[in-house]
Amino acid sequence: MGKSFNVAVAGATGAVGNQMILCLEKRGFPIDNIKLLATRRSAGRKLRFNSEEIPVEELTETSFRGVDIGIFSAGGATSQKYAPFAAKDGCVVIDNSAAWRMDPDVPLVVPEVNPHAVAEYSKKGIIANPNCSTIQMVVALAPIHRKVGIKRVVVSTYQAVSGTGKKAIDELHNQTKAILNFLEPETNVYPHRIAFNCLPQIDVFLDNGYTKEEMKMVKETQKILEDDSIAITATTVRVPVFFSHSESVNVETRNPISPDAVRALLEDAPGVTVIDDPARNLYPMAIDAAGRDETFVGRIRADESIPNGINLWVVSDNIRKGAATNAVQIAEVLARNYLSK
Ligand code: NAP
Ligand code: 3JN
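In structure tokens:
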């Protein structure tokens with residue numbers, strides 16, 4: 004008999020948690036017992052896992068006793084408070100929030116890029132899942148960085164509302180419906196209307212004029228690629244799309260590489276699907292990436308304004324590879340290589 008584990012999903016009733024449950028099921032993660040955790044408000048609600056109805060329990064300090072792996076997507080404050088209780092009880096935490104990502108004793112992992120970093124889970128009992136915008140970008144950048152070195156990245160994102168959770172999905176839906184019916188739309192989630200609009204703000208503004216999301220992309224990319232010398236500047240934009248983030252990524256490499264060589268590298272790269280056939284108007288699109296686990300790359304071309312420049316268009320489902328799939332892939336590495344149960 005193979006190993007199998009007691010798993011808890013914290014934030015199980017949320018947009019990410021819901022996908023987490025589906026992903027554990029779909030990938031056949033070996034589970035003995037699953038605990039679904041959320042706030043007291045959701046306690047007793049039943050969620051389906053592997054055709055079983057599982058009652059949601061309130062997340063408390065003792066929820067992780069007897070649990071081997073705890074996957075958190077209940078916000079940074081919840082992770083900050085409860086991950087140490089889980090770790091103290093011997094449960095390895097895979098955390099989807101920003102709470103622990105930049106802690107030097109917490110590995111920040113994208114399994115296609117730095118699976119070796121999982122080994123450092125033992126320092127604090129916590130592994131961090133990167134921000135969704137970072138994950139899809141590093142999946143595409145890592146093979147290029149390994150081959151020719153990356154000097155600088157200029158990225159602009161086009162991020163789906165599902166990145167903000169259930170209430171933002173409802174807001175885009177309701178605003179769109181209201182506007183198409185000549186009614187006044189209500190704005191509750193973002194500072195401005197999102198329907199038929201683009202907001203160059205994701206998360207709060209920092210003193211340097213960037214948003215927190217933009218600086219997450221900078222710092223997390225350097226940590227995952229283990230190279231603080233890569234210069235990165237980001238502009239993150241919320242667009243009226245439900246699922247999948249798209250990114251325009253401009254890369255300046257240290258050594259020259261042709262667009263054809265980049266295409267060949269990415270065609271071989273784990274987790275990447277290249278869609279790049281301009282003659283047939285084929286390139287990655289949010290509507291095609293939604294519901295998939297891969298990172299799609301297209302529009303691969305030279306940046307003709309500099310000697311070693313490459314442009315990419317990178318698209319991935321932010322709730323799947325950007326959150327749930329990546330977390331479950333981390334759990335798979337952990338289970339396969341590090342946990343003895
Ligand atoms: P969401 O749809 O609003 O769901 C939030 C979930 O957290 C719900 O299950 C909620 O339970 C639960 N929760 C909130 N506060 C809690 C508490 N004090 N104790 C227990 N459970 C609590 O949000 P989401 O989109 O799923 O995102 C959740 C978190 O995941 C985000 O805050 C972020 O940290 C992380 N995230 C990461 C990425 C990424 O880039 N990797 C992407 C999106 C989200 P109730 O239903 O009972 O309220
Ligand atoms: O906005 C997006 O598209 C991604 C959002 C991620 C997010 C949302 C709320 C809180 C995060 C994150 O994962 O960085 C956090 C957070 O944990 O800080």
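Going by this note's numbering, the letters in the sequence shown line up with residues 4 to 344, in that order.
Note that CB positions come from ideal geometry on N, CA and C, so glycine has one too.
Quick caveat: nothing in here was measured; it's all calculated off a predicted structure.
Open item on the list: Here's a check: name, in chain order, each residue in its chain whose Cβ is nearer than 6 Å to the Cβ of residue 43, leaving out the five neighbours to either side.
Closed with: 61
- [ ] Using 8 Å as the cut-off, classify the Cβ of residue 315 as near or not near the heavy atoms of ligand 1, replying yes or no.
- [x] no
Task: C-alpha distance - residue 72 paired with residue 103, whole-angstrom precision - done: 16 Å
- [ ] Along the alpha helix (DSSP H) that carries residue 301, what are the first and last residues, could you check?
- [x] No alpha helix (DSSP H) contains residue 301, which is instead part of the beta strand (DSSP E) from 298-305.
Open item on the list: In the DSSP output, which residue or residues are listed as bridge partners for residue 8?
Closed with: 34
TODO: Report the residue ranges of all beta strand (DSSP E) runs contained in full by the stretch 229-298; include only those spanning at least 3 residues, in chain order.
DONE: 234-241, 248-256 and 275-277
Task: Alpha carbon of residue 80 to alpha carbon of residue 14, nearest angstrom - done: 12 Å
TODO: Could you say if the stretch 101-116 and the stretch 216-228 meet the contact criterion of at least three C-beta pairs nearer than 8 Å?
DONE: yes
Task: Touching by the beta-carbon criterion (3+ pairs, under 8 Å), the stretch 28-37 and the stretch 181-195 - done: no
- [ ] Ignore the nearest five residues each way along the sequence and tell me which others in residue 233's own chain have a CB closer than 8 Å to its CB.
- [x] 148, 153, 154, 155, 156, 224 and 225
TODO: Output the distance between the C-alpha atoms of residue 142 and residue 274, rounded to the nearest integer angstrom.
DONE: 7 Å
TODO: Could you tell me how far apart the beta carbons of residue 309 and residue 262 are, in whole angstroms, since I believe they sit closer than 8 Å?
DONE: Not a contact, Cβ separation roughly 14 Å.
- [ ] With hydrogens ignored, establish whether the beta-carbon of residue 40 is closer than 8 Å to any heavy atom of ligand 1.
- [x] yes
TODO: In angstroms with no decimal places, state the Cα-to-Cα distance between residue 258 and residue 167.
DONE: 38 Å
Open item on the list: For residue 227, count the other beta carbons within 10 Å of its own beta carbon; 16 or more makes it buried, fewer makes it exposed. Which is it?
Closed with: buried
Open item on the list: Counting C-beta neighbours from all protein chains within 10 Å, is the total for residue 127 16 or more, i.e. buried, or is it exposed?
Closed with: buried
Task: the stretch 275-292 in contact with the stretch 185-203 per 3-pair CB rule at 8 Å - done: no
Task: Spatial distance of residue 290 from residue 210 (CA atoms) - done: 35 Å
Task: Validate contact between the stretch 199-213 and the stretch 117-135 using beta carbons, cut 8 Å, 3 pairs - done: no
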